[in-house]
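**Student:**
Protein chains: 2
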Amino acid sequence: MAFISSLTDHIERYIKALLDQAGHGGLEIRRTELAELFECVPSQINYVLKTRFSSERGYIVESRRGGGGYIRILRLEPQHRQGICSWIRQTIGESIDMGEAEALLVRLLDHNYLSRKDAVVIRSLLAEETEHLKPAHAGKVRAMLLRSMLILLLQGS
Amino acid sequence: MAFISSLTDHIERYIKALLDQAGHGGLEIRRTELAELFECVPSQINYVLKTRFSSERGYIVESRRGGGGYIRILRLEPQHRQGICSWIRQTIGESIDMGEAEALLVRLLDHNYLSRKDAVVIRSLLAEETEHLKPAHAGKVRAMLLRSMLILLLQGS
DNA sequence: ATTTCTTTGGTCAAATAAGGTCAAGGCCAA
DNA sequence: TTGGCCTTGACCTTATTTGACCAAAGAAAT
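Residue numbers (numbering that gives the first Met the number 0), protein chains in the order written: chain A, 0 to 156; chain E, 0 to 156.
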């Protein structure tokens, strides 16, 4: 598939590739350097960080200004201590909105717990089943569906 | 008849031809480009998508607005599985009791559309999610969950 | 030690670039 | 002649890109 990609998408992929190379220590970039590499204004980098590397999606971003300034990006590994399934239950909770659900899917995708196609089907089923529900109820339904579908994929054969 | 074709039919055929070329990954289009190609208003594309590429017909359509926006169309192959899916939707309906659900699972198991392990996980999730619900409501919840989980298994990768 | 300069990064709002919705009107076959 | 598609366009929502202005941290000068 020929992906239609915005500048933001390109920068996102670039950073994720760097993260894959870098180990658990995370990675450090200079905002201006990245901006020059992609021939864009520096604040574009902040936009990418805000929308694609949020803590909701499982990233930690720290930065420092002034001489020798930097931006450090850290990808949080899902907690293995209790098992991915119970982590998922915790994360979803009683109710979950579409944004949080999407963030969770992206996170599982990033860590290869989920295939792209499964993610697409899940999104579509969530949308289909909640489309004409009152928001308050939709959150609970979404939580139930997401929980069931993810656990099924991870526990089933 | 086979000879008269509305604009909608032309666009439908065009998209299906593109889907045939594209592999399993699905395809991406820009709404405005397609509209220009067929010299129609962009919302015509939405009409075609809604009427010809619905999930009932076995397609998933995702889209994104804004810069770098796109419409992504995914055909859920293969045909016989699509048939099973629509049969499953029919069988489940708005609401389903535990007995009917079990019967459905057994049928799918018998025909090897479902693994034993998946069936076990599905039973346990159904029980877990409906155990303290009023029977009337439980039926609907069960229907939703069963529908989503089965379609996910049959369509996902 | 303080002040000032320089180097970074941060914020926010406007401009731009998609796509979505809905309802009114058109067209055609039963 | 009417009921059900199809077509169109006015108006809406969302995502991205850009730039002007702000804030912090270290370096240099006093």
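We put the CB at the ideal spot given by N, CA and C, even for glycine.
For leucine 107/A and chain E, any beta-carbon pair shorter than 8 Å?
**Tutor:** With 8 Å as the cut-off, leucine 107/A does not count as an interface residue toward chain E.
**Student:** Does the segment 130-138 of chain E come close enough to the segment 132-150 of chain A that 3 or more CB-CB pairs lie under 8 Å?
**Tutor:** Taking 8 Å as the limit for Cβ pairs, the verdict is that the segment 130-138 of chain E does not touch the segment 132-150 of chain A.
**Student:** Can you tell me where the alpha helix (DSSP H) holding leucine 73/E begins and where it ends?
**Tutor:** Looking at the DSSP string, leucine 73/E is not in any alpha helix (DSSP H); the run it does join, the beta strand (DSSP E), is 69-74.
**Student:** Hey, is the segment 94-103 of chain A in contact with the segment 136-154 of chain A, meaning 3+ C-beta pairs nearer than 8 Å?
**Tutor:** Judged by Cβ distances under 8 Å, the segment 94-103 of chain A makes contact with the segment 136-154 of chain A, as three or more pairs qualify.
**Student:** Given this structure, state the Cα-to-Cα distance separating serine 4/E from glutamate 11/E, to the nearest angstrom.
**Tutor:** Spanning the two alpha carbons is a distance of roughly 10 Å.
**Student:** Comparing the C-beta of lysine 116/E with each C-beta of chain A, is any distance below 8 Å?
**Tutor:** At least one chain A Cβ lies under 8 Å of lysine 116/E.
**Student:** Mind reading off the beta-carbon distance from leucine 151/E to valine 120/A? Whole number of angstroms is fine, and I expect it under 8 Å.
**Tutor:** Between valine 120/A and leucine 151/E the Cβ distance is about 5 Å, and since that is below 8 Å, they are a contact.
**Student:** Can you name the start and end residues of the beta strand (DSSP E) that leucine 26/E belongs to?
**Tutor:** Element bounds for leucine 26/E: 26-28.
**Student:** Where methionine 143/E and aspartate 117/E are concerned, what is the direct C-alpha to C-alpha distance, given to the nearest angstrom?
**Tutor:** Methionine 143/E and aspartate 117/E: Cα-Cα distance of roughly 17 Å.
**Student:** If you measure from the beta carbon of isoleucine 158/A to each beta carbon in chain E, is any gap under 8 Å?
**Tutor:** For residue 158/A there is no data in the structure shown, the boundaries of chain A being 0 and 156.
**Student:** Give me the chain E residues within the contact set of isoleucine 3/A, using Cβ-Cβ distance strictly less than 9 Å, ordered along the chain.
**Tutor:** Under the 9 Å cutoff, chain E gives Glu27, Ile28, Arg29, Arg63, Gly67, Gly68, Tyr69, Arg71.
**Student:** So, using beta-carbon positions, are arginine 30/A and isoleucine 70/A closer together than 8 Å?
**Tutor:** A contact, by the Cβ cut-off of 8 Å.
**Student:** With respect to the alpha helix (DSSP H) encompassing valine 159/E, which residues constitute its N-terminal and C-terminal limits?
**Tutor:** This structure cannot settle anything about residue 159/E, because the visible part of chain E is limited to 0 through 156.
**Student:** Report yes or no: is there a C-beta of chain A within less than 8 Å of the C-beta of glycine 92/E?
**Tutor:** So no, glycine 92/E is outside the interface.
**Student:** In angstroms, rounded to a whole number, what distance separates the CA positions of leucine 17/A and leucine 26/A?
**Tutor:** Each residue's Cα considered, the two are about 7 Å apart.
**Student:** Look up valine 60/A in the DSSP assignment and give the residues it is bridged to.
**Tutor:** DSSP output for valine 60/A lists Ile72/A as bridge partner(s).
**Student:** For the alpha helix (DSSP H) containing tyrosine 13/A, name the first residue and the last one.
**Tutor:** Per DSSP, tyrosine 13/A belongs to the alpha helix (DSSP H) from 6-20.
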